[in-house]
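Take the sequence shown: its letters are residues 1 to 163, numbered as in UniProt numbering.
C-beta: ideal position from N, C-alpha, C; glycine also.
Working notes, beginning with the structure itself.
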Amino acid sequence: FFSGPVYTHRAMQSLDFYMRLDVDSFFIAPLPIDPIRHLADNHQSYGYLATGREERKFVVGLWETFMEAASKLELRNLDAVGSQEAWGRTFFYTNFEVSAMTVWRSQQYLSIYSALDESGGFFRHRWGDGPVHYLAVRAMLDESQVVRFSSIPYWHQTLVVSE
């Protein structure tokens, strides 16, 4: 759901940005910035708190399927994804993320998502939105369009971010 259908859901149609906070995630202090305003004011498209490394069994075939779909598109930063070894199963912790809706509604992303979905990997291998978002953001956006929100005080299970 969070890799594709949420962005085209009727309830999301009027939004330019969205901020996701899972039900088991918490801000542990007042936010020092408005993350959505930060993206808008700085012409950025994606914000995250942290990255991790996914277990191999949950990304079987993802890199190959992503690269096959992405190579058919004119993605300005596809080389930034690098090799499968360079990717290293990295994912965004998407239990908190902020993004411009244009990223996920773009024809490029919709084509990639469609290929991933049609491959059956979401169901057979439990591909999550974290690694999918990581690969897509790296391939589709310039580094200047991506921000790590290191000052947002946040807690999610074993992940704690606080300065």
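- With contacts defined as CB atoms closer than 7 angstroms, A139 and L78 qualify as a contacting pair.
- If you keep only unbroken alpha helix (DSSP H) runs of at least 4 residues inside the stretch 103-132, you get 107-119, 121-124.
- Annotation for V59: R89, P131 place their beta carbon closer than 6 angstroms to its own, counting only its chain and skipping 5 residues before and after.
- Per DSSP, reduced to three states, the secondary structure at S71 is coil, with no helix or strand assignment.
- Scanning N42, W127, T65 for the CA closest to the CA of R56 turns up W127.
- Counting C-beta pairs with one atom in each stretch, the stretch 104-121 and the stretch 30-46 have fewer than three that are closer than 8 angstroms, which means they do not touch.
- In the three-state reduction of the DSSP assignment, V59 falls in the coil class, being assigned neither a helical nor a strand state.
- In the structure shown, E97 falls within a strand segment according to DSSP collapsed to helix, strand and coil.
- Look at F26 here: in three-state DSSP terms it is strand.
- Per DSSP, the continuous beta strand (DSSP E) segment holding H156 begins and ends at 154-156.
- Closest in C-alpha terms to Y134, from the list R124, Q157, M12, V103, comes V103.
- Inclusion of M19 and V137 in the CB contact set at 7 angstroms is not warranted, their separation being larger than that value.
- Boundaries of the alpha helix (DSSP H) around L78: 78-81.
- Contact between the stretch 23-33 and the stretch 145-162 is present: three or more C-beta pairs spanning the two stretches fall below 8 angstroms.
- Here R37 carries a helix assignment [DSSP, helix/strand/coil].
- Its Cα nearest to that of D142, the residue Q44 stands out among Q44, L15, S14, S25.
- With respect to the C-alpha of Q84, the residue from A100, R76, T65 having the closest C-alpha is T65.
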